[in-house]
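Each residue of the sequence shown is one higher than the one before, counting from 1 in the working numbering. Ideal Cβ placement from N, Cα and C applies to all residues, glycine included. Because the structure is a prediction, the values reported are computed rather than measured.
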Amino acid sequence: MRVGIVGAGAIGLLTAAYLHDKYDVTVYTRRHMQANVLNEQGLSLVKQGQQRTISIRAKLLDDELITDDVVIVAVKQYDVAYVIERCKQLSGVETFIFLQNGMGHVRLLSHLKTRNIVLGVVEHGALKHDDRTVEHTGMGKTILSLFQGELGKAEQLLMTPIPDFPFHYADDWEEMLTKKLVVNAVINPLTALLRVKNGKLLEVNEYQTMMELLFSEIKTVLALPNEQEAWEHIVSICRKTAGNRSSMLTDIEQGRKTEIDGILGYVIGKGQERGIPTPLSQFLFYAIKGLEGRKGNG
1 MRVGIVGAGA IGLLTAAYLH DKYDVTVYTR RHMQANVLNE QGLSLVKQGQ QRTISIRAKL
61 LDDELITDDV VIVAVKQYDV AYVIERCKQL SGVETFIFLQ NGMGHVRLLS HLKTRNIVLG
121 VVEHGALKHD DRTVEHTGMG KTILSLFQGE LGKAEQLLMT PIPDFPFHYA DDWEEMLTKK
181 LVVNAVINPL TALLRVKNGK LLEVNEYQTM MELLFSEIKT VLALPNEQEA WEHIVSICRK
241 TAGNRSSMLT DIEQGRKTEI DGILGYVIGK GQERGIPTPL SQFLFYAIKG LEGRKGNG
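Following this line, the structure appears as structure tokens:
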């Protein structure tokens with residue numbers, strides 16, 4: 001099976017590294033320099049202190065006619081619209097898989113009306129060191145759920161065991177995304193604002209109180225059916241990834257745009273729709289917005 005991976009950030013590179021042994025993988029980037037480095041030097045996977053170089057094929061997204069059987073879109077929330085516009089012109093792709101944090105991208109998927117569309121969430125920890133190096137910082141799983149059409153050849157991902165990189169299936173895509181959204185909405189903005197690793201939110205009593213207050217607001221807005229289970233899941237993720245820096249914290253530290261629009265922006269929008277105030281979410285939303293692009297500033 002031919003698998004295309006659009007986006008060569010931490011998740012895109014990590015996915016490419018693990019799928020390469022089982023499938024014919026092509027990574028599509030938006031920068032010539034990164035494509036050239038991957039083609040010439042290979043993809044470097046760091047795991048548990050060991051480093052492995054993987055020969056990989058990389059192409060420029062804007063220059064290539066994509067005809068892979070399955071295309072995994074692993075770009076950030078804010079780049080999904082561009083990728084969808086590009087992919088609307090691709091008639092040879094059977095199935096698209098979208099791996100994004102938050103839920104802001106779901107409304108854009110109607111533009112791919114004739115496609116098989118699968119949504120997914122990634123529970124692995126990944127850290128991109130440079131254009132060709134990714135570190136697998138935490139073992140987890142990738143969960144897929146059908147959004148539209150059929151699974152098509154994406155079903156092979158669920159049927160083919162890959163050591164340390166399992167795929168699971170969820171029947172309800174909205175429940176799956178909401179569960180991940182709640183985790184991201186509580187952990188990511190707080191760690192980014194406080195400049196701490198995930199585990200610190202549980203170690204400092206005042207930080208955990210902040211988590212609880214924010215969760216209380218979010219659970220009301222999203223009308224979570226099982227609040228206790230949702231809270232325990234957040235705590236569990238915090239513990240499992242205690243030594244990790246959230247993707248939002250990393251983005252802030254690197255002076256990059258974050259995915260706050262697709263995470264807390266979505267929560268705020270839902271609050272407006274349902275007439276529920278979201279003062280904490282709005283405070284954090286604007287705090288993160290103010291920090292974006294300020295690399296090196298305190």
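| Check | Outcome |
| --- | --- |
| Whether Ala-192 touches Ile-66 by CB criterion (8 Å) | no |
| Option in Glu-217, Leu-224 and Ala-154 with minimal Cα separation from Glu-175 | Leu-224 |
| Reduced DSSP secondary structure (H/G/I, E/B, other) of Gly-271 | helix |
| Helix, strand or coil at Lys-47 according to DSSP, with G and I counted as helix | strand |
| C-beta atoms of Arg-132 and Gly-7 nearer than 8 Å | no |
| Sequence-distant residues of the same chain with beta carbon closer than 6 Å to Gly-298, five excluded per side | With a pLDDT of 46 at Gly-298, under the threshold of 50, the predicted position of this residue should be treated as unreliable, though the coordinate-derived value follows. Answer for Gly-298: no residue qualifies. |
| Best match in Gly-271, Gln-77, Tyr-169 and Met-33 for proximity to Leu-60 [C-alpha to C-alpha] | Met-33 |
| Ala-74 (DSSP reduced to helix, strand or coil) | coil |
| Closest residue to Lys-47 among Leu-146, His-129, Ser-236 and Gly-275 (Cα-Cα distance) | His-129 |
| Whole-number beta carbon distance between Thr-95 and Gly-152, since they are thought to touch under 8 Å | 4 Å |
| CA nearest to the CA of Glu-273, picked from Leu-45, Lys-22 and Leu-222 | Leu-222 |
| Contact test: Lys-141 Cβ vs the ligand ATP heavy atom, cutoff 7 Å | No copy of the ligand ATP occurs in the structure displayed, which carries no ligand at all. |
| Nearest-angstrom Cβ-Cβ length linking Leu-119 and Leu-213, presumed shorter than 8 Å | Rounded, the Cβ-Cβ distance is 29 Å, inconsistent with contact. |
| Collapsed DSSP secondary structure at Leu-146 in the structure displayed | strand |
| Cβ-Cβ separation, Thr-137 to Asn-36 (assumed contact under 8 Å), whole Å | Between Thr-137 and Asn-36 the Cβ distance is about 26 Å, and since that is not below 8 Å, they are no contact. |
| Straight-line Cα distance separating His-124 from Ala-74 | 13 Å |
| Buried or exposed by the 16-neighbour rule on C-beta atoms within 10 Å, applied to Leu-267 | Residue 267 is actually Val in this sequence, not Leu. It counts as buried. |
| For Thr-15, the three-state DSSP class (helix, strand or coil) | helix |
| Asn-36, DSSP secondary structure in three states | helix |
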